[in-house]
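Chemist:
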Amino acid sequence: QATEVEIEQCLELVAETPAQVVVVVDSFGSLYTEQIERLVKKYLSYVKEKGKQVGIHAHNNQQLAFANTIEAIIHGANRVDASMGGLGRGAGNCPMELLIGFLRNPKFRIRPIYQFLQDYIEPLRRDVEWGPYVQYNITGQLNLHPRAAIEARKNPEDRTRYVDFFDRVSTEA
């Protein structure tokens with residue numbers, strides 16, 4: 527995990543690049559809203575006067591991707607990542623349908639999104655697993671990469687052995 531000094535050093539360098547957007551990424555799905563607020567404000571303080579925008583990419587390990595995305599928007603992020611049905615590796619990402627519903631922009635039509643979810647995302651769930659499983663929550667709470675959770679979900683015998691999983695990964699934290 528990067529220190530504040532390391533983050534600031536990176537932001538100083540990035541501010542001088544031709545990149546147009548700098549993104550706060552919650553790779554482990556471990557951040558809380560107050561951390562998102564602090565990071566978005568920090569990023570903006572380094573890049574806004576250089577004409578750059580700040581974005582957010584939140585993973586859903588603790589079921590906070592939507593809340594953290596909203597928090598980022600409130601504090602000035604204007605590039606947001608989301609995916610249909612929260613589709614993404616492991617616990618997934620911020621669900622697009624929640625974000626569009628929240629934004630209430632009249633130019634956004636939500637019915638076609640529900641149609642897409644119904645016709646494509648739900649059938650995909652039969653073959654591809656993502657979403658809110660206990661192992662992802664554990665890795666998010668412990669600020670760990672979700673690779674151990676992904677592996678545990680692959681083995682039918684381990685899928686519901688939450689205490690064993692917790693005991694194993696908590697020694698890594």
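In the numbering used here, the protein residues as written are 527 to 699. Just so it is clear, CB atoms sit at the ideal spot from N, CA and C, and this is done for glycine as well.
In chain order, what residues of the same chain lie with their CB nearer than 8 Å to the CB of glutamate 534, ignoring the 5 residues before and after it?
Modeler: For the purposes of this step, residue 534 is taken as the residue at position 8 of the sequence shown. Excluding residues within five positions, the ones whose Cβ falls inside 8 Å are Lys568 and Tyr572.
Chemist: Taking the alpha-carbon of glutamine 527 as reference, which of Glu655, Ser556 and Ile600 has the nearest alpha-carbon?
Modeler: In the sequence shown, counting from the first residue as 1, residue 527 sits at position 1. Taking only the C-alpha atoms, the option nearest glutamine 527 is Ser556.
Chemist: Which residue from Asn586, Leu629, Lys578 and Arg564 puts its Cα closest to that of leucine 539?
Modeler: Taking the first residue of the sequence shown as 1, we reach residue 539 at position 13. Ranking the options by Cα distance to leucine 539, first place goes to Lys578.
Chemist: Tell me the rounded alpha-carbon separation between glycine 581 and glutamate 698.
Modeler: Residue numbering aside, residue 581 sits at position 55 when the sequence shown is read from its first letter. Residue numbering aside, residue 698 sits at position 172 when the sequence shown is read from its first letter. One C-alpha to the other measures close to 30 Å.
Chemist: Closest by CA to alanine 584, which one among Tyr646, His601, Val551 and Asp690?
Modeler: Here residue 584 refers to the residue found at position 58 when the sequence shown is read from its first residue. Nearest of Tyr646, His601, Val551 and Asp690 to alanine 584, Cα basis: Val551.
Chemist: Would you call the stretch 619 to 638 and the stretch 671 to 679 touching, i.e. three or more CB-CB distances under 8 Å?
Modeler: No, because fewer than three Cβ pairs between the stretch 619 to 638 and the stretch 671 to 679 fall closer than 8 Å, the two stretches do not touch.
Chemist: Tell me which same chain residues have a C-beta within less than 6 Å of the C-beta of valine 606, skipping the five on either side of it?
Modeler: For the purposes of this step, residue 606 is taken as the residue at position 80 of the sequence shown. Ile582 and Thr595, listed in sequence order.
Chemist: Looking only at its own chain, which residues have a Cβ that is under 7 Å from the Cβ of asparagine 663, when we skip the five neighbours before and after it?
Modeler: Counted from its first residue, the sequence shown places residue 663 at position 137. Hits under 7 Å: Asn587 and Gln588.
Chemist: Where does the unbroken alpha helix (DSSP H) through alanine 675 begin, and where does it stop?
Modeler: Position 149 of the sequence shown holds residue 675. Where alanine 675 is concerned, the enclosing alpha helix (DSSP H) stretches over 673 to 680.
Chemist: Can you give the Cα-Cα distance for glycine 627 and tyrosine 659, rounded to whole angstroms?
Modeler: Taking the sequence shown and counting its residues from 1, the one referred to as residue 627 is at position 101. Taking the sequence shown and counting its residues from 1, the one referred to as residue 659 is at position 133. For glycine 627 and tyrosine 659, the distance between alpha carbons rounds to 24 Å.
Chemist: For arginine 679, collect the residues of the same chain with a Cβ closer than 7 Å to its Cβ; drop the 5 residues on either side in sequence, then sort them by chain order.
Modeler: Along the sequence shown, read from residue 1 onward, the residue named residue 679 stands at position 153. Hits under 7 Å: Glu655, Tyr659, Gln661 and Arg685.
Chemist: With H, G and I counted as helix, E and B as strand and the rest as coil, what does DSSP make of leucine 605?
Modeler: As a position in the sequence shown, residue 605 is number 79, starting the count at 1. First, the amino acid is wrong: residue 605 is arginine here, not leucine. Arginine 605 falls in the strand class under three-state DSSP.
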